[in-house]
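Participant: Those sequence lines, one after another, are chains A and B.
As numbered in this note's numbering, residues 0 to 199 make up the first sequence, in order.
As numbered in this note's numbering, residues -5 to 594 make up the second sequence, in order.
Here you go, one structure.
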Amino acid sequence: MTGAVTKPVMNSDRDERAAASQAAIDARLVVDALANRAAFAALYARYADRLYRYALAHSGSVTAAEDIVSDTMLAAIEGLERFDPDRGAFAGWLFGIASRQVSARRRRQWRFLRVLPRAWEPEPVDDDPLTTIVRGADAARLREHLARLPDRDREIVLLRYGAELTSSEIGEVLGMKSSAVRVRLMRALDRLAGSLGDVR
Amino acid sequence: MTLDNERDIQQRIDPALDAHLRDVIRRPSLSSAQHERILARIGLSAATSATTPASERQSLSRQPDHGNATVGPRLNDETPNQGGFSMIPHARERIRDRNQLFELAAVLTVIIVAALAFAIYRDQQDDAPQQIGAPATATETAAPSPTVSETVTVTETEVIVPTPDTGWVYQNLTAEQARDLAPFPIQVPERLPEGMSGPIISVSKSPVVGTDESVIDVAIVVQVGDSFAREQIEYVQSDAPPSSSPGDDATTIDLAGHPVTKWIAEQDDSRPMIVYSWQIDGVYSIVTAVLSDRLPESRVEAFVSAIFGLEGDANTGDASGDGVHYYEDLTPDEAREILPMALLFAEETPAGFDAPAITAEIADQTDGTESFRSVHAVYPLSDDPTYSLDYVQSNQRPQNPPGGDMSTVELGGRTINKALVSSSGGSTIAIYTWNDRGTFATVMTQLRHNLTIELVESFVAATVATSPERHAVSEPVVSSGIEVTVTDVAYPETLDAAPPEGSYYIVVTGTFVNQTFEDEGIWRYLVDRLLNPMLFDESSWNYTHQSATITPLLADLGLNDTATFELVYTVPTGATDLILTFNPDPTTPDDDVVISIPAP
């Protein structure tokens, strides 16, 4: 990536300047972490929850999501020297690792997932009981509908909503042009909208 | 649809769906306990995280409200730091320097490969009236060889901006990127034969001097062998017809239902280069490889077959385009043929079950690592086929079951891992796992109807009893006052990948017994030597040392009276007996311990 600092977040209310700033901050933190491993904690703080949401949406398992976060962070720490800010934003690089972790894990455990789906239901979050039940049902239903999407479309949706990546960053993760990401995202969302019906 | 930027997307998305997705997907966050666990796993303390200056954490999570001048230099600015983040340029230079080395190496490799290819083709042109179609091919009518502009230049992005005069090359492409660039349909072998890595894909455009025309070549290189001895196969697809005709020895063979012309050309060093060529729908394809012991003709042919394998064999297709291949309605023998891995099926369907429905999956890895392979057999219960047992064999270790009662059980003459997991619906799921010659096997089912634990265990016993795996136990060997017993020769539980083709893993476990290890120095020496594979006489057995572990570890050393060790080897088929020779006590150099292990 030459001369471009990509937008690190998807929110349309964040402008280009802020996005560039986020990527620049990441790059500085990477340098700090290269000099002092403990400084990686700042990058961890910035991305742990986003990674967790992305992993949880993929796996549906709190335990698996936690493992994916730790595996990804560990791989990032150990491979930090290979990160090249000229080739893309840290967020894209990090979620590229996460995507591979998810993929490898899914392949290892997909049989378990099929046979033991109930074991991977997400833990309830802090809410009143009614909201918890509704959210749990929503999450289960959404995951069911996401599962019907083609793999790549599902990955794009989760990278956008779970990882909060821009289409450029998603493109970096998946090796696609950002324009292609946007088109596929819209198609995927159209399909989701059709299949989810009035759930929203 | 117009989707030029993020704002277009945001305007197009159904607000209700957008809100729903945000609400459901974005809501969870890690708890404090989870943070602590993760930080501990990655070697950062929670305290470290917590001590990140609050001011910095704030600034990291908040959108800065200042102008460009204070944001700091962009990563590629060559201007001095303007006061924002002074370390960024240094980081960039440091990281870029390193990457430029890799890029330079990669580009040099490409140039060398291209030069070799040109040399080979040129040689052939000398021998034959025409040249094999190749990158930067000239026109067919070129009596004096037309010159083609050199095409390779380098930029940081590895993508060369096309110019009409110089042509261009795109390197290190994904299949999708290559398809976008090529003006004709291309084939990219997504499932490579075992032992091949890649593909490395590039697309080049070479203008034909004196004309407005250009030749587009898609070059795909796959590598064969390990990192120390690697051969490669080159596969070029072009929209220009090859200007060559095959030599006199050319034959037409049928590969995966396609007529392919094959011939042998000789290189300067007399090594034979095999060439396959064919044409489909106006796209000309040539595969070339220099033959060697590591890359015989059969391997190249397997690669060509893999190319054609993509073209619609219903049972090998990659329907989803994600590199995953499914096979259905297999017999056990068909599964063995498709997947080069040890597979166990009872010769007769185990009592209580009907014949299984067998499917297989091969998932290619884009990072060049070994593909994931899995065979799934579903055995219906004889008296009610609506209930069934799942039996999965894979070359990768499955995740541990999510909790439950873990134990081991002796079945079919071997130790099997067993887990009983309670589902949230109240039923119990039985899971049995073992490793057979590098294949990870899992049997699992819900215990319901007549699917009792006894029936499931009889299934497991009947299945594992068919394994050719053997256990050998040596006689105790006593030397230097230390008794060493090789307690088992088995296939490892500790490795996550199947052994290379033509070999298998074994684990040798041993125990030091009846020792007080009062002399810590000797014990330390012993541990150190055990962890050093040079300790053993490897001459009698052509094996490869994989790993060694010893319990307790040196770091946890206590003066225990029993210690065990585990050594893992890759063993080629047909190996002879293994003789382990070592001397555990430096004070008695002539007093070796010799352990003989019969070859499997």
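Every residue, glycine too, gets a C-beta built ideally from N, C-alpha and C.
(1) Mark G174(A) as exposed unless 16 or more other C-beta atoms lie within 10 angstroms of its C-beta, in which case mark it buried.
(2) Rounded to whole angstroms, how far is the Cβ of V180(A) from the Cβ of G170(A), which I believe are closer than 8 Å?
(3) Any Cβ of chain B within less than 9 Å of the Cβ of R147(A)?
(4) Pair every Cβ in the stretch 449 to 462 of chain B with every Cβ in the stretch 366 to 385 of chain B, then say whether three or more of these pairs are closer than 8 Å.
(5) Just to confirm before moving on: does the CB-CB distance between L24(B) and E65(A) stay below 9 Å?
(6) Nearest to P379(B) by CA position, among L445(B), P253(B), V281(B) and L289(B), is which residue?
(7) May I ask you to list the residues that DSSP assigns as paired with K176(A)?
(8) Identify, in the order they occur along the chain, each residue of the same chain with its Cβ nearer than 6 Å to the Cβ of E355(B), setting aside the five sequence neighbours on each side.
(9) Given that T628(B) touches chain A, what residues does it touch there, using C-beta distances under 8 Å?
(10) How do the stretch 242 to 261 of chain B and the stretch 185 to 194 of chain B stand: do at least 3 beta-carbon pairs fall below 8 Å, yes or no?
(11) Considering only the alpha carbon of each residue, which of S388(B), S421(B) and V458(B) lies closest to V403(B)?
(12) Tell whether a beta-carbon distance below 9 Å holds between I660(B) and A56(A).
(13) Can you tell me whether DSSP reads E168(A) as helix, strand or coil?
(14) Is the distance from the Cβ of L148(A) to the Cβ of A187(A) below 9 Å?
(15) Could you name the residues of chain A that Q217(B) contacts, counting a contact when the two beta carbons are closer than 9 Å?
(16) Would you please verify whether the beta carbon of L445(B) is less than 9 Å from any beta carbon of chain A?
(17) Is the distance from the Cβ of I423(B) to the Cβ of L405(B) below 9 Å?
(18) With the cut-off set at 9 Å, would you say I601(B) and P183(B) are in Cβ contact?
(19) Please list, in chain order, the chain A residues whose beta carbon lies closer than 7 Å to that of Q28(B).
(20) I need the boundaries of the alpha helix (DSSP H) containing R330(B), first residue and last residue.
(21) In its own chain, which residues sit with a C-beta less than 7 Å from the C-beta of A329(B), not counting the 5 before and 5 after it?
(22) Quick one: grab the DSSP three-state call for L414(B).
(23) In angstroms with no decimal places, state the Cα-to-Cα distance between P253(B) and Q231(B).
(24) Within 10 Å of its beta-carbon, does H443(B) have 16 or more other beta-carbons around it, so buried, or fewer, so exposed?
(25) In whole angstroms, what is the alpha-carbon distance linking M191(A) and I410(B)?
(26) Give every residue of the same chain whose Cβ lies closer than 6 Å to the Cβ of L195(A), excluding the five residues on either side of it in the sequence, and list them in chain order.
(27) Could you confirm whether any beta carbon from chain B is found closer than 9 Å to the beta carbon of G170(A)?
(28) Taking C-alpha atoms, which residue in W272(B), E342(B) and Q5(B) lies nearest to A456(B)?
(29) Quick check: the Cα distance between Q21(A) and A44(A), rounded to an integer number of angstroms?
(30) For the beta strand (DSSP E) that contains D248(B), what are its first and last residues?
(31) For L595(B), which residues in the same chain have their Cβ closer than 8 Å to its Cβ, ignoring the five residues on either side in sequence?
(32) Do you know whose CA, among T62(A), L73(A) and Y51(A), lies nearest F39(A)'s CA?
(33) Return the CA-CA distance between L289(B) and G95(A), expressed in angstroms with no decimal places.
(34) Are the C-beta of S196(B) and some C-beta of chain A separated by less than 9 Å?
(35) From the beta carbon of H14(B), is the nearest beta carbon of chain A less than 9 Å away?
(36) Less than 9 Å between CB atoms is the rule here; does D430(B) satisfy it with respect to chain A?
Facilitator: On the basis of the data shown:
(1) exposed
(2) 5 Å
(3) no
(4) yes
(5) yes
(6) L445(B)
(7) Partner(s): none; K176(A) has no beta bridge.
(8) Y320 and S368
(9) This structure gives no information on residue 628(B), because the portion of chain B shown stretches from -5 to 594.
(10) no
(11) V458(B)
(12) This structure cannot speak to residue 660(B), because chain B is shown only from -5 to 594.
(13) helix
(14) yes
(15) Chain A residues near Q217(B): none, gap ~20 Å exceeds 9 Å.
(16) no
(17) no
(18) Since the displayed chain B opens at -5 and closes at 594, residue 601(B) lies outside it and no answer follows.
(19) E65
(20) P326 to I332
(21) L337, I352, A354 and V369
(22) strand
(23) 16 Å
(24) exposed
(25) In the sequence as displayed, the identity of residue 191(A) is Leu instead of Met. Distance between the alpha carbons of L191(A) and I410(B) is about 44 Å.
(26) H144
(27) no
(28) E342(B)
(29) 14 Å
(30) T245 to L249
(31) Any property of residue 595(B) remains undetermined from this structure, which presents chain B solely from -5 to 594.
(32) L73(A)
(33) 34 Å
(34) no
(35) yes
(36) no
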